[in-house]
Amino acid sequence: MVLPLLMIAACSDDANPTDATGDVETFEDSCAPNCGGLQCGDDGCGGSCGSCKSDEKCVDGVCLALLYPEICRGFNAPSSDDCGLVKRQGCCDAHNRVIWCESGSLYCVDCAKPGSEGDCGWKDTLFGYDCGGVGQSASFPLECGKECVPKCTTNQECGDDGCGGSCGKCDADSICGSNGICIPSMASVSGTISYEFHRPVFSGDGVALESQTGPASGLAVVLKDSTGSVLARSMTGVDGSFLLLLAEPSSDLELQIFTLFEGPFGPLMTVLQPSSTSTVKAGKWPVWAWSYAIEGQEEQGQGQGQGQGQDIGNIHISVEDGAQAIHLFRLAKFAFDFLITPLVDGDLSQLVSLAVLWSPDISWDCGYCYAKGVGQTAEQAFDKPYFCDSIFIDRLGCWSGSALFHELAHWVLRNHTTATFGMGNHWAGQLLDPPFAWSEGWASFFGISMNSMFFQEVDPILWAPLEFNSVLVSYDNDSKIKTSIVVPDPTKGLLQPLDERFVTKALWELWFALASTKSPDQAAAKTMVENLVSKRMLKWDRGHQGVDLVDFLDGLVCKNPDHKTIIDQSINTGLGFPYDDGGHCP
């Protein structure tokens, strides 16, 4: 019985081990979890500091959103805040997902998921890749990561390179042949085009229309022979002049004039002539156009230089002939040239195609409105007759540049920024949530500032004539037309509701402050427009949830800290808006 006693003596209680002297030693648990400031990950003791959501991953103890290609979030949320080399047209990745760039962020839709329209491919109506598309575009590669390769042959001197560029240009007295070789021009047709328009003149008694004549600039001009074949095409210059070069003299010519702006891959903007509806919807309508018969060079027999040049003089288009459409086109083209094209760094392929719909016989149920994705088809057989977005102008609004520019601003905000869009009906003087007030206020500022720059004269009046309830608002204290604007309360902070007209007034005063002069300054306007697509505006949000006046002012300060002083003087002190010190920059 000795052995068990010896065993008991040699063993000890696990909780109270003994040392060699027989004294009892005690130990506390040596591992303490370390989760200070951590959201997730290992706590150092085999446990966890927390878990992330299904669309997040843990990186160094912080939950970060999964980004493409790890996740594909669909239409409603970006899958990455960096587009890389992906453009608006998008591409199809190796997992049958379409990805595209929108407002500076990358979006992804899984075409393999149930409910999708089909495999990823090219859609002409979208001018981009999408689920349910077919094949690929010659100019925008289907496979993500690939770039368009110019298709110029070794001896090619001119013509389209297939990627939106050119294989070269011919001399002023030569034309590009069908084989891409420059050939001498043996005949030409030249002239100018002018049009009649009515400029609004405002007084305390209302609005008067003053008849004027202007150059029909930016229009597409096409010369056809008796069979309808296109012999030459060009665009009118800023003075309305045009020059069409021909390979050889021809008789029985027809000159066609279109309200059409061509981009690198087809028509980009047009004015269409609807005929049978007052409801906002898609349709197939003719482009506003005018045709003139021209006696051919063979009968003229007047050679000039290498060939026979025929100057047909001036063509004047009157109001009775639809000159209103030319005026709307010129206004829209002006906005494209001076302020919209810089938003995409001059790459016109990144602009969404747009149709303006106007007819002297139609008042739309919305009055004036912009519609995203309500596409229109031009009846004429252009290479790409489809226009993705639409602007509807009331029949009485053909002379209201500020109304057209207002809707153009919504088109810009919807396609190139993260501003909230389509927030419903509203009325003058209504206090709106800051993002709603911002969207409408910016659009009205764009309307009156662009109209001022077009005519090179300060015009603070937003005029939108309608059948029964016209809008007439002045944003200048010295105007004969007085407008009551609800100003913000300086004590109620940045989240208070705002009158959209106050936002317009604030931007109007800021424009002159940035220019240091009360004149329609294009450089200051460009600074303000380019701020819309700044990193601060696209990626950050402060104040009220959603893009608002606070975010816009922050963006200006981030661009140039000196703008803070200008904002203080023109908006804080001048108008009482409680904007703080800014400096909230990426």
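For the sequence shown, this note's numbering gives the first residue as 150, with consecutive numbering after it. For every residue, glycine included, the Cβ atom is placed at its ideal position computed from N, Cα and C. All figures in this text were calculated on a predicted structure; none of them were measured in a lab.
Count the other C-beta atoms from every protein chain shown that fall within 10 angstroms of the C-beta of Thr376, then say buried if there are 16 or more, exposed otherwise. Sequence index remark: in the sequence shown, residue 376 carries index 227 (1-based). The residue is exposed, with fewer than 16 neighbouring Cβ atoms inside 10 Å.
Nearest to Ile529 by alpha carbon, out of Tyr441, Ala662, Thr408 and Gly282? Locating residue 529 in the sequence shown gives position 380, counting from the first residue. Reading off the sequence shown, one finds Gln at residue 529, where the question assumed Ile. Among Tyr441, Ala662, Thr408 and Gly282, the Cα nearest to that of Gln529 is on Thr408.
At which residue ranges does the segment 378-424 contain complete beta strand (DSSP E) runs of 3 or more residues, listed in the order of the chain? 379-384, 390-395, 402-407, 409-412 and 415-421
Beta carbon of Ile720 nearer than 8 Å to that of Ala655: The residue given as residue 720 occupies position 571 in the sequence shown. The residue given as residue 655 occupies position 506 in the sequence shown. A distance below 8 Å separates the beta carbons of Ile720 and Ala655.
To which residues does DSSP link Thr341 through a beta bridge? The residue given as residue 341 occupies position 192 in the sequence shown. DSSP output for Thr341 lists Ser390 and Asn463 as bridge partner(s).
For Val678 and His565, what's the separation of their Cα atoms in angstroms? Position 529 of the sequence shown, counted from the first residue, corresponds to residue 678. Position 416 of the sequence shown, counted from the first residue, corresponds to residue 565. Spanning the two alpha carbons is a distance of roughly 11 Å.
Pop quiz: Ile466 and Leu404 are said to be a contact at Cβ under 8 Å. What is the actual Cβ separation, rounded to whole angstroms? One-based indexing of the sequence shown puts residue 466 at position 317. One-based indexing of the sequence shown puts residue 404 at position 255. About 12 Å separates the two Cβ atoms, so there is no contact after all.
When DSSP builds the beta bridges, which residues end up paired with Trp439? Translated into the one-based positions of the sequence shown, residue 439 becomes position 290. The partner list for Trp439 (beta bridge, DSSP) reads Ile406.
With burial defined as no fewer than 16 other Cβ atoms inside 10 Å of the residue's Cβ, what is the status of Ala244: buried or exposed? Residue numbering aside, residue 244 sits at position 95 when the sequence shown is read from its first letter. First, the residue type needs correcting, since residue 244 is His and not Ala in the sequence shown. Flag for His244 reads exposed.
Taking the runs of the beta strand (DSSP E) that are 3 residues or longer, which of them lie wholly in the segment 264-349? 269-272, 277-280, 323-325 and 331-333
According to DSSP, is Glu131 helix, strand or coil? Missing from the structure shown is residue 131; the chain here goes from 150 to 735 and no further.
Bridge partner(s) assigned by DSSP for Val370: Looking up residue 370 in the sequence shown gives position 221. Per DSSP, Ser383 and Ile406.
Tell me whether Val298 is buried or exposed, calling it buried when 16 or more other Cβ atoms sit within 10 Å of its Cβ. Translated into the one-based positions of the sequence shown, residue 298 becomes position 149. Val298 is exposed by the Cβ-count criterion.
In this structure, how does DSSP classify Ala520 when only helix, strand and coil are distinguished? Sequence index remark: in the sequence shown, residue 520 carries index 371 (1-based). Strand, per DSSP.
State the start and end residues of the unbroken beta strand (DSSP E) segment that holds Lys206. Here residue 206 refers to the residue found at position 57 of the sequence shown. From DSSP, the beta strand (DSSP E) with Lys206 extends over Glu205 to Val208.
How long is the line joining the alpha carbons of Thr341 and Ser265, rounded to whole angstroms? Translated into the one-based positions of the sequence shown, residue 341 becomes position 192. Translated into the one-based positions of the sequence shown, residue 265 becomes position 116. Whole-angstrom Cα-Cα distance: 52 Å.
From Gly725 to Leu644, what distance separates their C-alpha atoms? Stepping through the sequence shown from its first residue, residue 725 is reached at position 576. Stepping through the sequence shown from its first residue, residue 644 is reached at position 495. Cα to Cα, Gly725 sits roughly 14 Å from Leu644.
Best match in Ser229, Gln188 and Gly253 for proximity to Cys201 [C-alpha to C-alpha]: Numbered from 1 along the sequence shown, position 52 holds the residue referred to as residue 201. Considering only alpha carbons, the answer is Gln188.
Is it the case that the Cβ atoms of Ser360 and Leu380 are separated by a distance below 8 Å? Position 211 of the sequence shown holds residue 360. Position 231 of the sequence shown holds residue 380. Their beta carbons are not under 8 Å apart, which means Ser360 does not touch Leu380 by this criterion.
Thinking C-beta only, is Val258 closer than 8 Å to Gly223? By one-based count along the sequence shown, residue 223 stands at place 74. By one-based count along the sequence shown, residue 258 stands at place 109. Yes, the pair counts as a contact, with Cβ atoms nearer than the cut-off.
How big is the Cα-Cα spacing for Ile461 and Ser339? Sequence index remark: in the sequence shown, residue 461 carries index 312 (1-based). Sequence index remark: in the sequence shown, residue 339 carries index 190 (1-based). In a straight line, the C-alpha of Ile461 is about 6 Å away from that of Ser339.
Cβ neighbour criterion (16 or more within 10 Å) applied to Pro509: Mapped onto the sequence shown, residue 509 falls at position 360. So Pro509 counts as exposed.
What are the boundary residues of the beta strand (DSSP E) that includes Gly363? What you label residue 363 is simply residue 214 of the sequence shown in a count that begins at 1. Under the DSSP assignment, Gly363 falls in the beta strand (DSSP E) whose first and last residues are Gly355 to Pro364.
Once you ignore the five residues that flank Val620 on each side, which residues in its own chain have a CB closer than 6 Å to its CB? Here residue 620 is taken as the residue at index 471 of the sequence shown, counted from 1. Only Ala613 meet the Cβ criterion.
Is the segment 317-329 in contact with the segment 274-283, if contact means three or more CB pairs nearer than 8 Å? Result no; under three Cβ-Cβ pairs closer than 8 Å.
Give the straight-line distance between the Cα atoms of Phe483 and Ala552, rounded to the nearest whole angstrom. Reading the sequence shown from its first residue, position 334 is the one you call residue 483. Reading the sequence shown from its first residue, position 403 is the one you call residue 552. Distance between the alpha carbons of Phe483 and Ala552 is about 14 Å.
With 16 as the cutoff for other CB atoms within 10 Å, does Glu292 come out buried or exposed? As a working mapping, residue 292 is identified with position 143 in the sequence shown. Under this definition Glu292 is an exposed residue.
For my contact list, Ser334 and Leu395 are in at a C-beta cut-off of 8 Å; report their separation, rounded to the angstrom. On the sequence shown, position 185 is the one that residue 334 refers to. On the sequence shown, position 246 is the one that residue 395 refers to. Yes, they are in contact, since the Cβ atoms of Ser334 and Leu395 sit about 6 Å apart, within 8 Å.
Cutting at 6 Å between CB atoms, please list the residues of its own chain near Cys232, excluding the five before and the five after it. Here residue 232 refers to the residue found at position 83 when the sequence shown is read from its first residue. Closer than 6 Å at Cβ, skipping near neighbours: Cys250 and Leu255.
Write down every uninterrupted run of the alpha helix (DSSP H) in the segment 706-732 whose length is 4 residues or greater and which is fully enclosed by it, in chain order. 712-716
Would you mind giving the Cβ-Cβ distance between Ser539 and Leu500, rounded to the nearest angstrom? I have them listed as a contact below 8 Å. Walking along the sequence shown from the start, residue 539 turns up at place 390. Walking along the sequence shown from the start, residue 500 turns up at place 351. With a Cβ gap of about 15 Å, Ser539 and Leu500 do not count as contacting.
By how many angstroms is the C-alpha of Lys641 removed from the C-alpha of Leu615? For the purposes of this step, residue 615 is taken as the residue at position 466 of the sequence shown. For the purposes of this step, residue 641 is taken as the residue at position 492 of the sequence shown. In a straight line, the C-alpha of Leu615 is about 36 Å away from that of Lys641.
Three-state secondary structure (DSSP) at Gln694? Along the sequence shown, one-based indexing puts residue 694 at 545. Looking at Gln694 - three-state DSSP - the assignment turns out to be coil, as it is neither helix nor strand.
Considering only their Cβ atoms, is the gap separating Cys734 from Arg685 smaller than 8 Å? In the sequence shown, the residue the question calls residue 685 occupies position 536. In the sequence shown, the residue the question calls residue 734 occupies position 585. Yes; because the gap between Cβ atoms is below 8 Å, this pair is in contact.
Reference Phe585, options Leu372, Phe594, Gly573 and Gly578, closest by Cα: Sequence index remark: in the sequence shown, residue 585 carries index 436 (1-based). Comparing Cα positions, the closest option is Gly573.
Which word fits Gly495, buried or exposed, when buried means at least 16 other C-beta atoms lie within 10 angstroms of its C-beta? What you label residue 495 is simply residue 346 of the sequence shown in a count that begins at 1. So Gly495 ends up on the exposed side.
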